[in-house]
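See below for the structure under consideration.
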Amino acid sequence: MKTWLLLGALQLSLVGIGCGGTLDGVDDGEGGGPASSGSGAPAGSGSGGSATTGTGGPDPGGTGSGGPVSSGSGDPATTGGGPDPGSTCAEVDSCPFAAGVEIDCRKRFMYGLNYAWRDFGADFSGQRQWDQAGVSGKRDRVLADLRDMRAHGVDVVRWWIYPRIYGEALVMDGQGNPTGLGGTSTQDILAALELADQAEVNLMFTLFSFDGFYKTSHNPPNGLSVVSLGPIVADTSRRARLIENVVRQVARTVASSPHRHRMVAWDVINEPEWAMTGPSLYGGDPPFEGDASKFDLVTHAQMEALAKESAAVLREETGAPVSVGSAAIKWGQAWTRADVDFYQVHMYGWVNEWRPYNTPLAELNLTDKPVVMGEFPINLDGIDVQYDKFVSDLYNVGYAGALSWSYTDGNFPWAPARDAVKAFADRHTCETRY
Numbered sequence: 001m002k003t004w005l006l007l008g009a010l011q012l013s014l015v016g017i018g019c020g021g022t023l024d025g026v027d028d029g030e031g032g033g034p035a036s037s038g039s040g041a042p043a044g045s046g047s048g049g050s051a052t053t054g055t056g057g058p059d060p061g062g063t064g065s066g067g068p069v070s071s072g073s074g075d076p077a078t079t080g081g082g083p084d085p086g087s088t089c090a091e092v093d094s095c096p097f098a099a100g101v102e103i104d105c106r107k108r109f110m111y112g113l114n115y116a117w118r119d120f121g122a123d124f125s126g127q128r129q130w131d132q133a134g135v136s137g138k139r140d141r142v143l144a145d146l147r148d149m150r151a152h153g154v155d156v157v158r159w160w161i162y163p164r165i166y167g168e169a170l171v172m173d174g175q176g177n178p179t180g181l182g183g184t185s186t187q188d189i190l191a192a193l194e195l196a197d198q199a200e201v202n203l204m205f206t207l208f209s210f211d212g213f214y215k216t217s218h219n220p221p222n223g224l225s226v227v228s229l230g231p232i233v234a235d236t237s238r239r240a241r242l243i244e245n246v247v248r249q250v251a252r253t254v255a256s257s258p259h260r261h262r263m264v265a266w267d268v269i270n271e272p273e274w275a276m277t278g279p280s281l282y283g284g285d286p287p288f289e290g291d292a293s294k295f296d297l298v299t300h301a302q303m304e305a306l307a308k309e310s311a312a313v314l315r316e317e318t319g320a321p322v323s324v325g326s327a328a329i330k331w332g333q334a335w336t337r338a339d340v341d342f343y344q345v346h347m348y349g350w351v352n353e354w355r356p357y358n359t360p361l362a363e364l365n366l367t368d369k370p371v372v373m374g375e376f377p378i379n380l381d382g383i384d385v386q387y388d389k390f391v392s393d394l395y396n397v398g399y400a401g402a403l404s405w406s407y408t409d410g411n412f413p414w415a416p417a418r419d420a421v422k423a424f425a426d427r428h429t430c431e432t433r434y
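All residue numbers for the sequence shown refer to the UniProt record's numbering, where the first residue is 1 and numbers rise by one.
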């Protein structure tokens with residue numbers, strides 16, 4: 001694992017330089033996901049989770065672009081191996097994966113799983129109104145989960161911090177601006193890192209989700225308020241407070257941990273496209289058509305500003321690489337100027353129908369940075385291939401990683417698939433382990 005103190009000096013090497021869900025009106029491939037597929041559409045409380053109602057109640061369901069493209073004629077993990085002349089990498093990488101995300105001078109196929117939560121909206125703050133503890137209050141359960149993942153080949157766990165701003169998750173002032181982390185947030189972040197170290201897995205923390213843009217509701221039936229991020233992200237000065245008082249504080253909490261090396265990457269926001277409206281700024285991507293009846297929508301420019309400003313702070317405080325969890329490859333150009341270190345796209349059946357998962361990245365115009373498949377259904381529902389073929393195709397076509405969905409979503413059950421997850425890791429032991 002990395003020595004955290006080297007991360008600031010290795011910042012350039014992290015980007016490959018140096019070390020060497022119902023959506024109304026959907027009728028075609030330019031629309032959103034189907035209502036119940038867990039496709040990343042807003043019908044799920046995330047990207048495949050059960051629906052959230054916006055009432056503030058708990059979710060009953062427990063609920064990129066790429067490196068060099070391989071020709072498929074050989075193992076892309078076996079090229080190279082020595083540090084570049086003049087690099088700060090002291091050791092030769094024993095098994096570099098050419099298309100991978102580079103972390104601490106190791107290029108690997110980022111392989112793992114979305115947790116993405118044990119209790120939606122409560123893991124990193126707790127929710128007293130629901131009698132739900134944060135990670136620090138349910139350590140045994142979380143550790144058992146992480147050890148189960150590790151035993152079945154998982155190396156990187158994508159874990160959501162503030163999917164929605166429930167209750168006391170953040171401290172807010174009288175004008176609805178965030179002034180700090182609330183509840184047990186700090187203790188929970190530190191506990192998550194400690195438990196990840198015990199389980200020998202690495203974490204990709206996802207700060208926010210499109211779910212956080214559901215309209216604000218005060219004093220819903222269960223007494224829990226829900227704050228929308230939409231008006232905050234849309235306003236330059238309010239967004240600055242979010243960056244300084246939330247993003248920076250989360251990053252500093254991570255940096256303060258003796259187990260900080262377990263946090264290997266950041267995801268600023270999960271599937272932001274569902275909370276956006278208006279034209280795409282780049283590459284001829286289709287417009288964004290978020291549901292204004294549910295969300296406080298923002299423009300591409302406003303969401304891009306959130307991504308860029310967050311990325312700058314996250315790297316400043318931790319040196320770790322940053323991504324944005326894009327909902328679908330049809331918006332493949334949306335985050336190419338957002339100052340991310342690697343791209344991340346999600347794939348479900350409705351996406352695959354129009355843009356097959358094994359399309360070469362060059363055809364998608366995503367070849368300047370690594371591309372991680374940050375979500376796909378672990379049971380390959382709607383894609384009609386076996387797990388091993390799906391992940392092997394990603395590996396051979398030049399993707400930088402694959403994180404399946406998910407450990408806690410019963411619609412895409414972990415238990416029947418975990419042996420297949422392990423089998424792929426066993427065949428690529430070195431290339432899938434940071």
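The beta-carbon is built from N, C-alpha and C at its ideal position, and this holds for glycine as well.
Tell me which residues share the same chain as K422 and place their Cβ nearer than 7 Å to its Cβ, disregarding the 5 neighbours each side in the sequence.
H152 and G153
State buried or exposed for N202, treating a residue as buried only when at least 16 other CB atoms are found within 10 Å of its CB.
buried
How do the region 374-384 and the region 87-107 stand: do at least 3 beta-carbon pairs fall below 8 Å, yes or no?
no
Strictly by DSSP, which residues pair up with G180?
V171
Hey, out of W354, F288, P356 and A312, whose CA is closest to F210's CA?
F288
Skipping 5 residues on each side, what residues in its chain have a beta carbon closer than 6 Å to that of S185?
F124 and S125
In this structure, does DSSP put I383 in helix, strand or coil?
coil
If we count Cβ pairs, one from each stretch, closer than 8 Å, do we get three or more for the region 174-189 versus the region 290-307?
no
Distance cutoff 9 Å, beta carbons only. Does Q198 sit that close to anything in chain D?
Absence of chain D from the displayed structure is noted, only one protein chain being present.
What number of angstroms, rounded off, separates the C-alpha of P377 from the C-alpha of M149?
16 Å
Extent of the continuous beta strand (DSSP E) to which H346 belongs
Y343 to H346
Check each candidate in Q344, T253, R337 and Y395 and name the one with the smallest Cα separation from N358.
Y395
On a Cα-Cα basis, can you pick out the residue from D388, E194, D235 and Q198 that is closest to P258?
E194
Can you have a look at P356 and say buried or exposed, based on whether 16 or more other CB atoms are within 10 angstroms of its CB?
exposed
Coil, strand or helix - S217 by DSSP:
strand
Per DSSP, what kind of secondary structure is E353 in: helix, strand or coil?
coil
Starting from G374 and walking both ways along the beta strand (DSSP E), at which residues does that stretch end?
V371 to E375
So what's R108 in DSSP terms, helix, strand or just coil?
strand
In whole angstroms, what is the alpha-carbon distance linking D286 and G278?
The question names Asp, but residue 286 in the sequence shown is Pro. So the two alpha carbons sit approximately 9 Å from each other.
Are there 16 or more other CB atoms within 10 angstroms of the CB of Q175, so buried, or fewer, so exposed?
exposed
Is D409 buried or exposed, if buried means 16 or more other CB atoms sit within 10 Å of its CB?
buried
Should P236 go down as buried or exposed, given a rule of 16 or more other Cβ atoms within 10 Å for buried?
A quick correction: the sequence has Thr, not Pro, at residue 236. The residue in question, T236, is exposed, as its Cβ has fewer than 16 Cβ neighbours within 10 Å.
Could you say which of V135, S323 and G112 lies nearest to D119 if we only look at CA atoms?
V135
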